[in-house]
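Remarks on the structure that follows.
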Amino acid sequence: MKIGLRSHNGAEDRLLYAQQIGADGASIWGWAVPEYLERQYLTSDDMRMLRRRFEKYDLALTGVGIGGQVVKNQLLGLPDREADIANVARTIRSIGEAYQDQPENAPVLIIDQRITYWAEGRPGYTNLPVGRGGTVLLDFDAEAHASEMDKPAGDVPYDEAWSRIAYFYEHLVPVAEEAKVRLATHPDDPPLPHYRGVDQVLTGFDGLKKVVDSFPSPYNGLLFCIGTMQEAGEDVPELIRHFGAQNKIFYVHFRNVQGTVPRYREVFASEGDGDMIANFKALKEVGFTGFVVPDHHPGITGDTDWTHMSRAWHVGYLKGLIQALG
């Protein structure tokens with residue numbers, strides 16, 4: 003297993019930091035290239051530039067996130083969704099072209115098909131200084147914040163939500179196969195069955211199995227988020243064994259939490275309810291050799307906006323865990 007970071011913007015100072023603390027790679031958002039926000043796709047030249055930048059620091063470019071605005075029409079089921087799909091297809095092809103010589107090292111395309119992904123805000127979440135020594139932790143309480151639960155996409159029943167999601171994969175899995183780029187789908191977070199007016203699909207085992215089984219391809223799989231599945235109350239090691247045995251875990255997000263929906267709190271990896279040793283034993287058991295990425299980080303006094311200190315803590319924790327398991 004290898005350790006990655008979420009660099010977000012691909013800035014060289016962050017890549018240098020990732021290299022110095024022992025990460026093996028890092029991911030970006032599409033907007034790491036400023037022109038992406040206007041044209042809403044990455045070119046092959048963009049991807050070659052990013053690849054060179056990462057390789058300068060002996061890092062792999064592990065994943066590319068497309069963002070919610072790029073697929074807003076698709077998520078809303080609007081006529082302009084064809085343009086959204088075309089833009090994502092361009093990005094997929096650009097990744098493939100930039101890694102033609104080493105397709106096995108191409109970054110995954112990070113997919114989030116939460117219907118309200120494009121909308122501002124995430125009702126239910128609050129940063130609270132309730133961790134050890136006043137560490138700031140991200141707290142989710144659906145009931146306490148029920149009055150804040152807006153419906154930016156209106157009321158979307160389950161079958162309609164699935165229809166919109168299926169449209170994405172119907173059109174883009176063939177593109178991914180041709181380009182040899184893996185699509186890694188993140189579960190809905192928070193994994194509530196109903197959130198912001200939407201009957202969510204990808205909240206646990208059944209939803210993830212649905213998206214994997216409905217579009218069978220070696221290029222369609224999961225960004226398996228340990229924290230989200232723990233929030234959902236799932237048996238995380240068993241999910242790892244199920245999807246890992248099918249080689250459907252392309253990428254792993256790593257965090258620990260206390261509690262499950264509708265109330266949970268994100269904490270340091272050593273403090274939560276999740277059994278990280280059992281999780282990583284399961285990953286090793288299924289032969290996972292890809293990237294594990296700490297995704298959210300408690301706020302430490304004196305830390306930066308990018309949480310340098312907290313990221314370093316989690317990289318150290320991961321290194322120790324991986325080395326101990328051999």
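For what it's worth, this note's numbering labels the leading residue of the sequence shown as 3, then goes sequentially.
Even glycine gets a Cβ: it sits at the ideal position worked out from N, Cα and C.
8 Å Cβ shell around residue i - same chain, five flanking residues per side excluded
i	result
Gly209	Pro189, Asp190, Gln202 and Val203
Asn11	Ile30, Trp31, Trp33 and Ala34
Asn174	According to the sequence provided, residue 174 is Leu. The question's Asn does not apply to it. Closer than 8 Å at Cβ, skipping near neighbours: Ile87, Val90, Ala91, Ile94 and Leu185.
Asn1	Here the chain has residues from 3 to 328 only, and residue 1 is not among them.
Asp297	Arg8, Cys227, Gly229, His255, Phe256 and Arg257
Pro195	Asp201, Gln202 and Thr205
Gln21	Tyr59, Asp60 and Leu61
Gln248	Val214
Sequence-distant residues of its chain with Cβ nearer than 7 Å to residue i (five each side left out)
i	result
Ile302	Thr137, Met311 and Ser312
Tyr38	Gly32 and Leu44
Ala13	none
Met278	Asn258, Ala271 and Leu323
Trp164	Val203
Gln71	Trp120
Phe207	Glu236 and Leu241
Beta-carbon proximity check, residue i vs residue j, cutoff 7 Å
i	j	result
Thr64	Phe293	yes
Tyr59	Leu18	yes
Gly246	Phe290	yes
Val295	Pro193	no
Trp120	Lys74	yes
Ala62	Val317	no
Ala234	Thr205	yes
Ile117	Leu77	yes
Ala108	Arg50	no
Gly199	Gly156	yes
Thr309	His299	yes
Ile23	Ala314	yes
Arg243	Ala280	no
Arg41	Asp143	no
Beta-carbon contacts of residue i that lie in its chain and below 6 Å, excluding the five residues immediately before and after
i	result
Pro131	Val138
Gln260	Arg267, Val269, Gly274 and Asp275
Asp114	His188
Asp82	Asn75
Tyr171	Phe217
Leu96	The amino acid at residue 96 is misidentified as Leu; the sequence shows Ser. The answer, listed in chain order, is Leu44, Thr45, Ser46 and Met49.
Lys4	Asp26 and Phe293
Asn222	Val175 and Leu185
Pro105	Lys182
Arg16	Ser9
Gly67	Trp31 and Ile112
Residues that DSSP places opposite residue i in a beta bridge
i	result
Gly335	Nothing can be reported for residue 335, as the shown portion of the chain is limited to 3 through 328.
Pro63	The sequence as given places Leu at residue 63; Pro does not occur at that position. Ala28.
Leu139	Leu130
His255	Cys227 and Val295
Gly301	Val138
Asn222	Leu185
Near the ligand ZN: residue i beta-carbon under 6 Å from a heavy atom
i	result
Asp277	In the structure on display, the ligand ZN does not appear, and there are no ligands present to speak of.
Check: Taking the runs of the alpha helix (DSSP H) that are 4 residues or longer, which of them lie wholly in the segment 3-32?
Finding: Segments of the alpha helix (DSSP H) lying fully in the segment 3-32: 14-22.
Margin query: Would you call the segment 269-276 in contact with the segment 239-253, where contact means no fewer than 3 C-beta pairs closer than 8 Å?
Written below: Verdict: no, contact absent.
Margin query: Suppose only complete runs of 3+ residues qualify. What are the beta strand (DSSP E) ranges in the segment 157-210, listed by chain order?
Written below: The qualifying runs are 185-188.
Next item on the list: Would you be able to state if there are at least three C-beta pairs under 8 Å between the segment 181-188 and the segment 140-150?
Entry: They do not touch, by the three-pair rule.
Margin query: Any contact between the segment 305-324 and the segment 151-166? By contact I mean 3 or more CB pairs, one from each, below 8 Å.
Written below: Cβ pair count under 8 Å is below three, so no.
Check: With a cut-off of 8 Å, do at least 3 Cβ pairs link the segment 75-90 to the segment 51-60?
Finding: Contact between the segment 75-90 and the segment 51-60 is not established, with fewer than three Cβ pairs separated by less than 8 Å.
Notebook entry, point to check: Which ranges would you report for the beta strand (DSSP E) in the segment 95-135 if only whole runs of at least 3 residues count?
Noted result: As for any beta strand (DSSP E) of minimum length 3 sitting wholly inside the segment 95-135, the runs are 110-114 and 127-130, ordered along the chain.
Next item on the list: Check whether the segment 247-258 touches the segment 222-237, counting contact only when three or more Cβ pairs, one atom from each stretch, lie closer than 8 Å.
Entry: Three or more beta-carbon pairs separated by less than 8 Å link the segment 247-258 to the segment 222-237, which places the two stretches in contact.
Next item on the list: Quick one: which unbroken alpha helix (DSSP H) runs of 4-plus residues sit fully inside the segment 33-86? Chain order, please.
Entry: Complete alpha helix (DSSP H) runs here, min 4: 38-41, 46-58 and 74-78.
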